Amino acid sequence: MSFEASAALQAAIYQALRTDPALTGLVGDAVYDAMPATPPTGTYVAIGPEDVSDAGDMTGRGARHDFIVSVLSGSEDTGGFGPVKDAAAAVMEALEDGALILEHGHLAGLWFVGARARRSDGGAGRRVDLTFRARIDLGLKAA
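Put into structure tokens, the structure is as follows:
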């Protein structure tokens, strides 16, 4: 089964982003695993969708997780793309430089795959979606 480390990966990503000094200097505590009922103001970070596929081989079980972390700003933010792109760069550094410790499985690697910047909220807001790929080793195959 390849989905078994998904919750552990998400928790580690959330922890890394919430505790990264550069990112918190830009967005404060506005890092969300689950979005609040009232949309946040200013620039904020949201952990988004994830696609998981089996990456096991003859020697062990594993999974490939492709996930998105979004950096957004609402229509009240007049800073344009600048603050959103600065926060996106901080997200990249926090995830690529940090050694994520998982409660289940072992993170074999984490790579930046790509990014997409665009307007949101009818053109008034800004959004950058960062896509990452994680490879998780899940242990030896049963004999």
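If you're matching positions, the sequence shown starts at 1 in UniProt numbering and goes up one per residue. Ideal Cβ positions, reconstructed from N, Cα and C, are used throughout, including at glycine. The structure presented is a predicted model; accordingly, all values stated were derived computationally and were not measured.
Subject >> Where G105 falls: helix, strand or coil (DSSP) >> reply: Reduced to three states, the DSSP call for G105 is coil.
Original post:
With A117 and K85 assumed to form a contact (beta carbons below 8 Å), what rounded beta-carbon distance in angstroms separates them?
Top reply: 7 Å
Original post:
Straight-line CA distance for G139 to G79?
Top reply: 47 Å
**OP:** Pick helix, strand or coil for F3, following the three-state DSSP scheme.
**Re:** coil
Original post:
How do the stretch 26-36 and the stretch 99-116 stand: do at least 3 beta-carbon pairs fall below 8 Å, yes or no?
Top reply: no
Original post:
When you compare only the Cα positions, how much space is there between R133 and D121?
Top reply: 28 Å
Original post:
How many Å lie between I13 and P49 at the Cα?
Top reply: 13 Å
**OP:** Measure the Cβ-Cβ separation of S70 and D137 and say whether it is below 7 Å.
**Re:** no
**OP:** Would you please state the rounded distance, in angstroms, between the beta carbons of D20 and T43? I believe it to be under 8 Å.
**Re:** Wrong, their Cβ atoms sit about 14 Å apart, outside the cutoff.
**OP:** Consult DSSP for A22 and reduce its assignment to one of helix, strand or coil.
**Re:** helix
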